[in-house]
Each structure stands twice: as C-alpha cells, then as structure tokens.
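Sequential numbering of the sequence shown, starting at 21, is according to this note's numbering.
Cβ coordinates follow ideal geometry from the N, Cα and C atoms, glycine included.
The structure displayed is predicted, hence computed values, not measured ones.
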Amino acid sequence: MWTTENRARYNRDAQRYPSDLTDEEWSQLMPLIPPAKRGGRKRKVAVRQVVNGIMYVLSTGCQWRSVPKDLPPRSTLHDYLNRWNCDGTVVKIHHTLYVKCREDLKREASPTACVIDSQSVKSAEKGGPALIRMVTTPARRSRARSGISWSIP
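Now the structure itself:
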C-alpha cells in the first residue's frame, strides 16, 4: 500500500528511465547474473546497463530497434536476453525474486492453494484438446498419376 514511508522507496525521479534498476534492486540481482566466460575477449559492456536495457524493452513494450541510443545496442541486449533465457538465468532470477516477495509478505515461499476457474474445469472434464478433431482435406491426385491420359496419340 502507498504510504509516506513507502512512496520514497519506489520514487524513480532520479533514474534516467523509470525502468532502470535502483542500487538496492541491482544489489539483489547482481549475484544471480552469471560471470563472463573464461578466455576470449574481456566483457566491454556493463551488465547493469544490459539489464536496464532489457527492463526498458520489457516495461515499455517497444520494438528492439526503438531502444534509446544511451543504452547498449539492441543486438547486445537481445543476445544477452537469449543467452540468459537458454542457460536458465531468467528462470533463476524470476524464482528468486518470487520467493523473496512472498517472504517479504510473511507467506510461505511456495503457495499451498490454487484457484481454478470454471472454464478450466469444464475443459478438463471433457478431455480437453484430445477431443478436438483435426480437419484434414483429402489428398489430391494428379492427373498424370491417373490411368487416363489427355494427350492425343
């Protein structure tokens, strides 16, 4: 709930973009980011700026080509997001922050109950997608394969 004490914590007026991470948010996220690979060239881009760029795209819903010029290039942002998605970093970040949010609310880390709406129950009772018949069209036979030839001898 927004209170006078809570409002200052979420104030983002000092940030370049509202989606940029605060120092407190970055300190929680930094240990979850994998280090650079050994060998090869040194990492030239600041990982915090990469995360800020990805957060900008995710929060605004803009196209990759519309990323502002003061953030890392769109290809860099996209490559890091793909790499972190493939190696499980995104899932690890989501799970860690999810558990932390639940613990901050004084709840158990994993929920013990769930809500199922009536539409989901109806489709499960009927068998769901297994009962959907696939409509297929019969295969057409070419005239050349048929025994009748239209050419004149």
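In this structure, the alpha-carbon of residue 89 lies about 26 angstroms from that of residue 106. By the C-beta criterion, the stretch 71-88 is judged not to be in contact with the stretch 21-33, since fewer than 3 inter-stretch pairs fall below 8 angstroms. When secondary structure is reduced to three states using DSSP, residue 71 falls in the helix class. A direct Cα-Cα distance of roughly 10 angstroms separates residue 124 from residue 117.
Annotation: residue 65 to residue 136 spans about 45 angstroms, alpha carbon to alpha carbon. Residue 24: member of the alpha helix (DSSP H) spanning 24-29, first to last residue. Following the DSSP letters along the chain, one finds residue 46 inside the alpha helix (DSSP H) bounded by residues 43-49.
With distances taken between CA atoms, residue 70 lies nearest to 91 out of 111, 56, 91 and 39. Just measuring C-alpha positions, the residue of 67, 93 and 108 sitting nearest residue 41 is 67. Rounded to the nearest whole angstrom, the CA to CA distance from residue 129 to residue 53 is 22 angstroms.
Within the same chain, Cβ atoms closer than 6 angstroms to the Cβ of residue 100 are found at 70, the five residues on either side in sequence being excluded. Each of 48, 34 and 24 was checked against the Cα of residue 121, and the nearest Cα belongs to 48. Residue range 109-124 is occupied by the alpha helix (DSSP H) that includes residue 112.
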